[in-house]
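Some notes on the structure that comes next.
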Amino acid sequence: MHSKDTISRLYRSVLRIRRFEEVAADIYPSDKIKSPVHLAIGQEQVSVGVCDVLEDGDWVGGSYRSHAMHLAKGGTMNGLMAEMFGKETGCCRGKGGSMHIIDVGAGVMGSSAVVGTQIPMATGYALAAKAAGRGRVVAVFFGDGASEEGCFYESLNFAALRKLPILFVCENNGYAIHEPLAKRRARPEGICAVAEALGVPATRIDDGDIFAIRDGAAKAVAAMRAGQGPVLMEACVYRWRQHVGPDEDYGAGYRERVEAEPWMAADQVAKLAALMAPGQCDAIKAEIEAEVAASVRFAEESPIPAPQELFSHVFA
Amino acid sequence: MSSPDRILRYVDALREAFDQEMARDPSVFVFGLDVDDYLGIQGSTKGLVDKYGPERVFTTPLSEDAMTGIAIGAAMAGMRPVHVHIRMDFMLLCMNQLINIAAKAHYMWGGQVKVPLVVRSMIGKSWGQGAQHSQGLHSLFMHIPGLKVVAPSNAYDAKGCMLAAIRDDNPVIVMEHRLLYATEAPVPVEPYAVEFGKARICRKGDDVTVVGISNMVMEAIRAAELLAEVGVEAEVIDPVSLVPLDMATIIASANRTKRLLIVDNGWTMCGASAEIAAQAAEACEGLRIRRMGFAPTTCPTAPNLEAGFYPNPGTIASAAWSLARPGTAAWAPSPERTKLAYQVQFKGPF
Chain A
1 MHSKDTISRL YRSVLRIRRF EEVAADIYPS DKIKSPVHLA IGQEQVSVGV
51 CDVLEDGDWV GGSYRSHAMH LAKGGTMNGL MAEMFGKETG CCRGKGGSMH
101 IIDVGAGVMG SSAVVGTQIP MATGYALAAK AAGRGRVVAV FFGDGASEEG
151 CFYESLNFAA LRKLPILFVC ENNGYAIHEP LAKRRARPEG ICAVAEALGV
201 PATRIDDGDI FAIRDGAAKA VAAMRAGQGP VLMEACVYRW RQHVGPDEDY
251 GAGYRERVEA EPWMAADQVA KLAALMAPGQ CDAIKAEIEA EVAASVRFAE
301 ESPIPAPQEL FSHVFA
Chain B
1 MSSPDRILRY VDALREAFDQ EMARDPSVFV FGLDVDDYLG IQGSTKGLVD
51 KYGPERVFTT PLSEDAMTGI AIGAAMAGMR PVHVHIRMDF MLLCMNQLIN
101 IAAKAHYMWG GQVKVPLVVR SMIGKSWGQG AQHSQGLHSL FMHIPGLKVV
151 APSNAYDAKG CMLAAIRDDN PVIVMEHRLL YATEAPVPVE PYAVEFGKAR
201 ICRKGDDVTV VGISNMVMEA IRAAELLAEV GVEAEVIDPV SLVPLDMATI
251 IASANRTKRL LIVDNGWTMC GASAEIAAQA AEACEGLRIR RMGFAPTTCP
301 TAPNLEAGFY PNPGTIASAA WSLARPGTAA WAPSPERTKL AYQVQFKGPF
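Listed below in structure tokens is the structure:
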């Protein structure tokens, strides 16, 4: 069973991401955020469960849907919000936006907006981690769509060949933009089998349960730190909002709300809250509301990048 | 240089650069298909695995796309990868990672990471290399901000550029040429860097400026010998690095000769020659410009067709003549003289 501290920590982390994204979505129609947002609302628990078992020195990489990864791993909320506002104080100085985020100090090593590109990049981080020999591990987050890219297979193969300390985390939300998995794979349930065939042990968690995700990640990380090589974890989840944008899109033509309802009924925020002492949630909620509001103020009050910033960082 | 008399082949100069840099810096590693086999990429990586071990010198799965991304990740984590492709054509399998990540990482992530990556590849030519083993794709990379592109044309620059590329904190595409591998030049024993963004004047002349790229530098030097026989003095310039590009040296020469011929080891359409011509035209009044490069076709394999695909010392000399002596009858060196020109080899001064 999980300790009260663990439950409280997971609750705080999931709710913090949820509220950050809900507030960003509320701001979005004002056009203060001029950056395409790919929200993780409803699937935050994958980042939270995995990052909860990582250490500060470990590294993560992700996709254009990486607000959750950034916050769960310890990337600053101010830097992320300001980046979405296009401000100089953003984590990328206003040059990356919502899809390209990074916080090297926190081990958030970059998110990329071309599907799957982060998978080999993170595998390279794992190669460097292994060469350094200090027990660091890497987790890379990607969607089910990325599992169809060639670099996914290539990276699994190389990671297995070199026994690299990398956890491949497939956040399977069932859709690549608006296209369901069944239209893209002859064996929609076969992602783990691909990894196994290449020599990467794989587990599938089909109900989005945060404890199962955390336990699976903990086991994988322990094995990786012991030098046993890569692991793949497929976590089935559901994206509550649009592929890109702040709104819901049920009835738009590719899915109906009835499909989402079981996932909403199993909301991890509510599940974790129910396991906590009365009153404890309220205190955490209040802290989070204050933190998110402060990040919005920070972003609004921060300066825009100086014009000459356009030309800096082309070369190191 | 302290050892000016030592002569080394281009391929051995490359190998020496890897050896010296790997000995100096444990974060340098060399990988790519066949780098550790008994041939060692025509000899350029031969023996490195015995000296530095399979963790630092290794072949890869046939996965150029992911291996490029893996190199980028390792570079961002502080290592200095050298990714090797035995033909430049194979780099087309790496374009997503090179252009979408390597070139942009430092910029789009606000300067938080650097990508000290070297990608080396060689261009093939002759003996039926054909459509997919002979392409010079440097202009594709020149187009993208964030990538450096260098094309050493001799053994001295091969070692110095490779050393500079390995020590550079940015992704550097090093374009080698198969036919240059056996060419010799004085190469100092000690490590040295050839600075990027500094063109080399290989031969002085007042009548026409000829800019060559990659092994077209050698062809241009041979053409200059043929031109000298008929009283035309060509100034031959090797940009050495294409990004950054030393236009100042080219413009200074073109302003003096008022005639500029650019000979590329690639197609002219949107190519390096087009860029150099455009920048020169913007900077120089009254400049006459001509460009040469691959025929606007796929590279064929029949020797007679292939011969027509490339500029050669005879066609370069003829084009330079027509620029330098406008209004006179066309001229071309005799085939015998052109053949003899292949005995000419650039050996400095550096």
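Chains A and B supply the protein sequences, listed in that same order.
Just so you know, the first sequence maps onto residues 1 to 316 in the working numbering.
Just so you know, the second sequence maps onto residues 1 to 350 in the working numbering.
For each residue, glycine too, the CB sits at the ideal point set by N, CA and C.
Against chain A: residues of the segment 111-126 of chain B by CB proximity under 7 Å: G111, Q112, V113 and K114
Excluding five sequence neighbours on each side, which residues of the same chain lie with their C-beta closer than 7 Å to the C-beta of V49 (chain B)? D36 and V57
Please confirm whether D19 (chain B) has its beta-carbon closer than 7 Å to some beta-carbon of chain A. no
Ignoring anything shorter than 4 residues or poking outside the segment 205-253 of chain A, list the alpha helix (DSSP H) runs there in chain order. 210-225
Chain B partners of K34 (chain A), CB-CB under 9 Å? None at all; the shortest Cβ gap to chain B is about 16 Å.
May I have the straight-line CA-CA distance separating F141 (chain B) from P191 (chain B), to the nearest angstrom? 27 Å
Is the Cβ of N157 (chain A) closer than 7 Å to any Cβ of chain B? yes
For E154 (chain A), which residues in chain B fall below 8 Å Cβ to Cβ? P61, S63, D65, A66 and M67
Which of helix, strand or coil does DSSP assign to P303 (chain B)? helix
Pull the bridge partners of W59 (chain A) from the DSSP assignment, please. A:V138
Return yes when the Cβ of A131 (chain A) is within less than 7 Å of the Cβ of G61 (chain A), no when it is not. no
Could you run through the segment 188-207 of chain A and flag, in chain order, every residue whose CB is less than 7 Å away from some CB of chain B? none
For L181 (chain A), three-class secondary structure by DSSP: helix
What does K339 (chain B) pair with, by DSSP beta-bridge criteria? In DSSP, K339 (chain B) forms no bridge with anything.
Output needed for K258 (chain B): all residues of its chain with C-beta closer than 8 Å, excluding positions within five of it in sequence on either side, in chain order. C284, G286, L287 and R288
What residues in the segment 171-199 of chain B have a beta carbon less than 8 Å from any beta carbon of chain A? none
If you draw a straight line from the alpha carbon of L71 (chain A) to that of I41 (chain A), how long is it in whole angstroms? 13 Å
Residue burial classification, A68 (chain A) (beta-carbon count within 10 angstroms, cutoff 16): buried
Evaluate contact between the segment 288-299 of chain B and the segment 161-168 of chain B, counting only Cβ atoms and requiring at least three cross-stretch pairs below 8 Å. no
Express the C-alpha separation of V217 (chain B) and G124 (chain B) in angstroms, rounding to a whole number. 16 Å
Touching or not, the segment 195-211 of chain A and the segment 232-248 of chain A, by the rule of three or more beta carbon pairs under 8 Å? yes
If the cut is a Cβ gap below 9 Å, which residues of chain B does Y254 (chain A) touch? Within 9 Å Cβ-Cβ: nothing; Y254 (chain A) doesn't reach chain B, min ~27 Å.
Partner residues on chain A for P145 (chain B), Cβ-Cβ distance less than 7 Å: V314
Just the C-alpha distance for P120 (chain A) and F152 (chain A), rounded to the nearest angstrom, thanks. 7 Å
Decide yes or no for the touch test of the segment 83-92 of chain A against the segment 16-23 of chain A: beta carbon pairs closer than 8 Å, at least 3 of them. no
Count the CB pairs spanning the segment 106-119 of chain B and the segment 67-78 of chain B that are closer than 8 Å, and state whether there are at least three. yes
Rounded distance between the beta-carbons of V11 (chain B) and G32 (chain B), thought under 8 Å: Wrong, their Cβ atoms sit about 16 Å apart, outside the cutoff.
Quick check: is the beta carbon of N100 (chain B) nearer than 7 Å to any beta carbon in chain A? yes
What are the boundary residues of the alpha helix (DSSP H) that E259 (chain A) is part of? R257 to A265
Could you tell me whether any Cβ in chain A is nearer than 7 Å to the Cβ of H85 (chain B)? no
Rounded to whole angstroms, what's the CA-CA distance from G110 (chain A) to S155 (chain A)? Just pull it up for me. 17 Å
Option nearest A317 (chain B) by Cα separation, candidates B:P335, B:P303 and B:S134: B:P335
Could you run through the segment 38-56 of chain B and flag, in chain order, every residue whose CB is less than 8 Å away from some CB of chain A? E55
Taking 7 Å as the limit between beta carbons, can you name the residues of its chain near L323 (chain B), skipping five residues before and five after? V208, R259, L261, R288 and R290
Residue from B:G128, B:V119 and B:W127 with nearest C-alpha to L137 (chain B): B:V119
In three-state DSSP terms, what is V172 (chain B)? strand
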